[in-house]
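To keep things clear, I will list the structure first and then write my remarks on it.
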Amino acid sequence: MILDKLLVELDAQLRRWALAHGVSQPPPVVLKPAPPNLKDADVSTPWPLAVAKAAKRSPLELAQQAASAAAVEGAALSATPPGFINARLDGAALALNLKELLRAPSEYGKGAGGRDINLEFVSANPTGPVHVASARAATLGDSLARILKRRGHAVRTEYYVNDAGRQVENLGLSVKARYDQARGLEAEIPEGGYQGDYIKEIAALAPAEAADWDAAAFGRFAVGINLAAHKADMENFGVVFDRWFLESELHEAKALDKAVEKLRGLGRVYEKDGAVWLGTGGEDGEDDKDRVLVRQDGRPTYFLGDIAYHQDKLDRGAKELIDIWGADHHGYLPRMKDAISALGYPKGTFQAIIHQLVKLFRGSEAVKMSKRAGEFVTLRELVDEAGLDACRFFFAMRTPNAHMNFDIELAKKQSNENPVFYVQYVHARVCSIFREAAERSIEGEASDADLAALDHPSERALLLKLAWFSEALRACEKELSPNALATYLMELAGLYHKFYENCHVLDASNLGKTKARLTLCAGVRSLIAEALGLLGVSTPERM
RNA sequence: GCCCCCAUAGCUCAACGGAUCAGAGCACGAGCCUUCUAAGCUUGGGAUCCAGGUUCGAUUCCUGGUGGGGGCACCA
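Going by this note's numbering, the letters in the first sequence line up with residues 2 to 544, in that order.
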């Protein structure tokens, strides 16, 4: 892309210039969008300010000299006080960029890639419906995966299903109790069991032969039903997983034993009080204490299962593992990092995106939620009521680190006020213009349009914004969050709406300008569709 | 007690250490539909928790407060 090339070239030139002129080891030349109020600057760097002191030079003088010495194709350089170097793209370069976008929208902004990532997220326990709290992780993971793929990386998405262990035992006991109650037997939900009405619903689905089932059989049955529901919920939310990985697969493959043996072979494991421990804490470890892998009674901990699972992901070829967790699991991060190191993998092989929890409200009242007590709002409920697009965009807009207050009532009735409609409306408006153009038999987006006609400030701002797309994607990769893309879309949409007010597109008396504007509209439409697609949001042609 | 995250406008959120308006959306006030969709545009009032420090420059980094959320298992 034109802007990518420009940034690289400008950076290289300034560095060369600095070295040639005895400016001490320059820091990286950081280029970013210039404030919109500056007439002659699209991109700028404060680099002279940073090096002026060491060079014992005036920053402004430095900026002026460097700016006049460098020359970049397609842009004009300038210097402004107190010492910025700016570049302004010329119209031809911006026009070229638009043509590049229109030539292959699905390739536009594509990066070179090179990473090989396994991205795991949601991984809710199959002991009940998917909770609305998972909406955030689902959005983050799915959108991020799409963006990383667009950046050229290999990404596999996974959902880990804990279909073994204590929780499932409790689930089985709970369902069996409800089943027995339904046929008139004395039965109690056990301590730590699940109380929700959905347990009764599952019990009611049990086949005739269930009368002879033990709790484990009910557990398997219930997991099957819940898992199918999770899959349907994720699909309903537009979230795609390449693999649903069952914990039971690990047990069948003796993967936990193998993981312990591997760690033992590496000298990372010891026995104490009849349990097997992983030496995670101390020295270069991140954790503050050692952790149990196998309990006194011989049963493995959840931690060991997780280690085996992550080992499995690596064995299947992933070079990087990224998990998305809620903040309530952040304390688990150090031991997991240590475990990956203990297995012999370099630092950075494993990382987790920790997103803060979503606090739910109904109006001003906080919603208490507990799967066990059966009080919760499901993801399905939210999506059905607030709408898929509104939900996806809303969650994508937030950085993972930000705490969120989420008013369910507001989300439901506010759907028309959700920013996503502001963006989608651009797409609908463009489509409408093209419908009208066809009606009036005006030829649209001709490849031979003379884009020099796009000289209005609103048009230029729009062209420039289109050029920043790959930078938005780059920011998403760097932050491991789709929120920069959502912000970018809001800004792009704002510029389009202004353009729409300022520049009437269809003008029979000026076909040259009409063609050029239609071409610009086509570019905006393509990019909105591509970008919203990355966020899992639809692009309606009418609203 | 220790650890992690957060604190920006009435509300929900932006702003890789940069610029002379700290941006949006919602809400509130005033305008704009005989021309391609008013889910839009124009316009007004409104904000960086407190105290220090580093820096040419701090909403951003550091230290200490204050206030909120989360976590500190041979649970998952």
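Just so you know, even glycine gets a beta-carbon here, dropped at the ideal spot from N, CA and C.
Here the structure is a predicted model, which is why all the values come from computation and not from measurement.
Alpha-carbon to alpha-carbon, residue j and residue i
i, j, result
"Lys232", "Glu253", "23 Å"
"Leu344", "Gln312", "8 Å"
"Leu305", "Thr520", "57 Å"
"Leu455", "Cys504", "10 Å"
"Asp164", "Trp245", "11 Å"
"Val277", "Gln297", "8 Å"
"Gly349", "Glu321", "8 Å"
"Glu101", "Glu492", "21 Å"
"Phe242", "Asp449", "42 Å"
"Ala412", "Ala387", "6 Å"
"Ala218", "Arg292", "32 Å"
"Leu389", "Cys432", "22 Å"
"Gly114", "Ala146", "13 Å"
"Pro191", "Asn227", "20 Å"
"Asp43", "Ala139", "35 Å"
"Ile355", "Arg157", "19 Å"
"Ile617", "Pro49", "Residue 617 cannot be examined here, being either before or after the span of the chain that is shown, 2 to 544."
"Gly268", "Ala403", "40 Å"
"Leu7", "Asn419", "36 Å"
"Asp339", "Ala453", "58 Å"
"Lys273", "Pro301", "15 Å"
"Asp213", "Glu189", "18 Å"
"Arg430", "Arg543", "8 Å"
"Lys514", "Lys499", "17 Å"
"Ala476", "Trp469", "11 Å"
CA nearest to the CA of residue i, picked from the options
i, options, result
"Ile200", "Ala183, Ala212, Trp214, Glu210", "Ala183"
"Met405", "Ala328, Ala211, Phe470", "Ala328"
"Tyr501", "Ala450, Leu452, Ile434, Ala468", "Ile434"
"Asn593", "Ala76, Ala397, Gln425", "Since the displayed the chain opens at 2 and closes at 544, residue 593 lies outside it and no answer follows."
"Gly220", "Asp451, Leu228, Cys432, Val169", "Val169"
"Tyr497", "Ala509, Ser510, Leu467, Arg475", "Leu467"
"Asn126", "Gly142, Ala309, Tyr195, Ala494", "Tyr195"
"Tyr361", "Glu410, Asp316, Ala340, Lys273", "According to the sequence as given, residue 361 is Leu; it is not Tyr. Closest option to Leu361, Cα to Cα, is Glu410."
"Ser482", "Glu382, Gln357, Ala340", "Gln357"
"Lys150", "Met544, Thr540, Leu535, Pro541", "Leu535"
"Gly23", "Lys57, Ala35, Ala51", "Lys57"
"Lys33", "Ala473, Pro458, Arg381", "Ala473"
For residue i: DSSP bridge partner residues
i, result
"Gly327", "His356"
"Trp278", "Tyr271, Val293"
"Leu380", "The partner list for Leu380 (beta bridge, DSSP) is empty, contrary to what the question assumes."
"Ile86", "Thr46, Ala80"
"Val162", "Leu247"
"His311", "Its beta-bridge partners do not exist; DSSP assigns none."
"Leu322", "Asn119, Phe351"
"Phe362", "Ala367, Asp408"
"Ala155", "Asp117"
"Lys33", "Ser45"
"Pro335", "DSSP lists no partner for Pro335."
"Pro301", "Val295"
"His132", "Thr379"
So does the segment 38-46 actually touch the segment 111-121, counting three or more Cβ pairs closer than 8 Å? no
In the segment 175-253, which residue ranges form an unbroken beta strand (DSSP E) of at least 3 residues, counting only runs that do not cross its ends? 244-247
Which runs of the alpha helix (DSSP H) spanning at least 4 residues fall entirely within the segment 415-466, listed in chain order? 420-440
Cβ pair count under 8 Å reaching 3, the segment 103-113 against the segment 516-532: yes
Indicate whether the contact test is met: 3 or more Cβ pairs, each with one atom in the segment 195-211 and one in the segment 249-264, closer than 8 Å. no
Segments of 4+ residues assigned as alpha helix (DSSP H) that fall wholly inside the segment 462-516: 470-480, 484-503
For a minimum of 4 consecutive residues, which ranges assigned as the alpha helix (DSSP H) are wholly contained in the segment 383-412? 389-398
Check whether the segment 476-490 touches the segment 63-70, counting contact only when three or more Cβ pairs, one atom from each stretch, lie closer than 8 Å. no
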